[in-house]
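Following numbering that gives the first Met the number 0, the numbering of the sequence shown begins with 0 at its first residue and continues without gaps.
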Amino acid sequence: MKKTMITGTGRYLPPRIVTNNDLTKWMDTSSEWIQKRTGIEQRHWVEEEGGTGPADLGLEASLIAMKRAGWTAGDIDLIIFATLSPDVNFPGSGCLLQYKLGLESTPALDIRQQCTGFLYGLSTADAFIRSGLYNKILLVGAEVHSTGLDITTRGRDVTVIFGDGAAAVCIEGIESDEQVGVLASSLHAQGEFAKSLWLEAPASMLNPRISEKILDEGRHYPEMDGKLIFKMALKKLPEVTIEVLEKAGLNLDDIDLFIPHQANMRINQFYQKTMNIPKGKVFHNIQRYGNTTAATIPLAMDEALEMKLIGKGSTLLFLGLGAGVTWGAVIYRFAG
Ligand code: COA
0 MKKTMITGTG RYLPPRIVTN NDLTKWMDTS SEWIQKRTGI EQRHWVEEEG GTGPADLGLE
60 ASLIAMKRAG WTAGDIDLII FATLSPDVNF PGSGCLLQYK LGLESTPALD IRQQCTGFLY
120 GLSTADAFIR SGLYNKILLV GAEVHSTGLD ITTRGRDVTV IFGDGAAAVC IEGIESDEQV
180 GVLASSLHAQ GEFAKSLWLE APASMLNPRI SEKILDEGRH YPEMDGKLIF KMALKKLPEV
240 TIEVLEKAGL NLDDIDLFIP HQANMRINQF YQKTMNIPKG KVFHNIQRYG NTTAATIPLA
300 MDEALEMKLI GKGSTLLFLG LGAGVTWGAV IYRFAG
């Protein structure tokens, strides 16, 4: 039977590093506040002059992943691109990446599930592979947040959290009798809380979609009810962990590394304590990158592989919660 296997990973961060102290030049904040409340010490942002989109960052990450998987662009059957900060409103960033890869007719699909974009993308890739429709899928999570943030005191609660970056994985259907690959997925959404974390304008439900008034009111910047999202994460992440473990027929102890979305170090520390998981089994890299939304989980996996925290035979549990509100978890096992 075909198993959905990750055969290559890659990450790319734009070279410009913005420290917490750098942010204090533009807004009333402090490095201590940011570090204490979120765990973040620095993030990467694209150059201020613009001209770099998620498809550009995604291309760099994809080239690394493809090299490691031994793929050329022509091997790709489908591109899945997860982002909440698409290069342009339409077409999707997947199409832009497809062209940058030199491809002419390979299908490209964008996933707009924000912080759970990688989880939704991996589950989608798994379904396509198991259905037999596609066998080699390039899944990319990439964001350029920095050009859309309110870099003043008004936007400080949101702005200090986000970083730019990309990560990509090559996913292949491989025949195996072993219990490997994507073992189980659990995905959820609760649109009731859509406004708890959203970016409203430009919006087709507004006429005009954008105006001086909207700009003055800052409705073209992301808005977040941080406390609500925080509380939901503390509740839903343990719940979805139990659910996905049950689906896979596994226990907490069977997981070698938990790779949570990197939204706030405190959320992930709380999760680790609530679930009674040994500290070293929950991966953190928010200190260096901030929240890179759809890129966080594959970026963390790529680093964990490089750090040799995981490898042949390792079982991983990816999980996250974010805008939508959406949340989910996927269990993945590398071949031994
Ligand atoms: N620097 C300094 N002070 C700040 C600040 C900043 N960057 N941002 C907010 N503050 C201030 C607030 O104005 C408030 O001041 P007040 O008490 O005088 O009104 C105070 O700090 C506390 O703000 P609050 O929003 O209650 O802080 P918090 O402890 O909830 O932390 C978040 C804010 C955003 C860090 C936290 O809510 C969070 O991480 N939420 C979840 C985010 C998430 O998971 N998002 C989903 C994925 S994107």
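We put the CB at the ideal spot given by N, CA and C, even for glycine.
Taking 7 angstroms as the cut-off, is the CB of G289 close to at least one heavy atom of the ligand COA? no
Pair within 8 angstroms by beta-carbon distance, R10 and A60: yes
Using a Cβ-Cβ cutoff of less than 8 angstroms, which residues in the same chain neighbour K311 once the five nearest sequence positions on both sides are dropped? F333, A334 and G335
What is the DSSP secondary structure of F282, reduced to helix, strand or coil? coil
Can you say whether I136 is buried or exposed, counting buried as having 16 or more other CB atoms within 10 angstroms of its CB? It counts as buried.
Where G164 falls: helix, strand or coil (DSSP): strand
Can you give me the Cβ contacts of K235 inside the same chain, cut-off strictly under 6 angstroms, excluding the 5 residues immediately before and after it? A distance below 6 angstroms between beta-carbons, with the five flanking residues on each side excluded, links K235 to the following residues of its chain, in chain order: L320 and W326.
Would the beta-carbon of V281 fall within 8 angstroms of that of F257? yes
From L95 to L108, what distance separates their C-alpha atoms? 11 angstroms
Using DSSP bridges, identify the partner residues of M223. L196
CB of G120 within 8 angstroms of CB of L138, strictly: yes
Using the beta-carbon count (16 or more within 10 Å), is Y98 buried or exposed? By the 10 Å Cβ count, Y98 comes out exposed.
Using a 10 Å radius around the Cβ and a threshold of 16 neighbouring Cβ atoms, would you call P14 buried or exposed? Classified as exposed, P14 has fewer than 16 neighbouring CB atoms from the shown chains inside 10 Å of its CB.
Three-state secondary structure assigned by DSSP to S130: helix
So, at 6 angstroms on beta carbons, what are the nonlocal neighbours of A338 in its own chain, with the 5 sequence-adjacent residues on each side left out? Any question about residue 338 goes unanswered here, given that the chain covers just 0 to 335.
Beta-carbon separation (whole angstroms), E142 vs G164, contact threshold 8 angstroms: Between G164 and E142 the Cβ distance is about 7 angstroms, and since that is below 8 angstroms, they are a contact.
Thinking C-alpha only, which one of E211, I16 and M4 is nearest S145? I16
Just to confirm the assignment, what range does the beta strand (DSSP E) spanning S358 have? Past the edges of the chain, shown from 0 to 335, lies residue 358, and the structure says nothing about it.
Tell me whether the beta-carbon of T123 lies closer than 8 angstroms to the beta-carbon of A68. no
Could you round the C-beta distance between S195 and D224 to whole angstroms and report it? I think they count as a contact, below 8 angstroms. 4 angstroms
Go through its chain and collect everything with a Cβ distance to D253's Cβ below 7 angstroms, but skip five positions before and after it. Excluding positions up to five away in sequence, the list reads T314.
Let me check understanding here. Comparing Cα to Cα, which of A193, S184, K230 and P207 lies closest to L316? Out of A193, S184, K230 and P207, the CA that lies nearest to the CA of L316 is found in S184.
R15 beta carbon near the ligand COA (any heavy atom closer than 7 angstroms): no
Along the alpha helix (DSSP H) that carries E248, what are the first and last residues, could you check? In the sequence under discussion, the amino acid at residue 248 is Gly, which differs from the Glu named in the question. No alpha helix (DSSP H) contains G248, which DSSP labels as neither H nor E.
Tell me the rounded alpha-carbon separation between N343 and W70. The first residue shown for the chain is 0 and the last is 335, placing residue 343 beyond what the model contains.
Can you tell which of K2, P237, I78 and T292 has its C-alpha closest to the C-alpha of N267? Among K2, P237, I78 and T292, the Cα nearest to that of N267 is on P237.
DSSP bridge partner residues for I170 (one or two, in chain order): I5 and I136
How big is the Cα-Cα spacing for L62 and S92? 16 angstroms
Quick check on this structure: which residue in G162, G217 and S203 has the alpha carbon closest to the alpha carbon of L293? First, the residue type needs correcting, since residue 293 is Ala and not Leu in the sequence shown. Ranked by Cα distance from A293, the first of G162, G217 and S203 is G162.
Return yes when the C-beta of V143 is under 7 angstroms from any heavy atom of the ligand COA, and no when it is not. no
Limits of the unbroken beta strand (DSSP E) element including P259: L256 to P259
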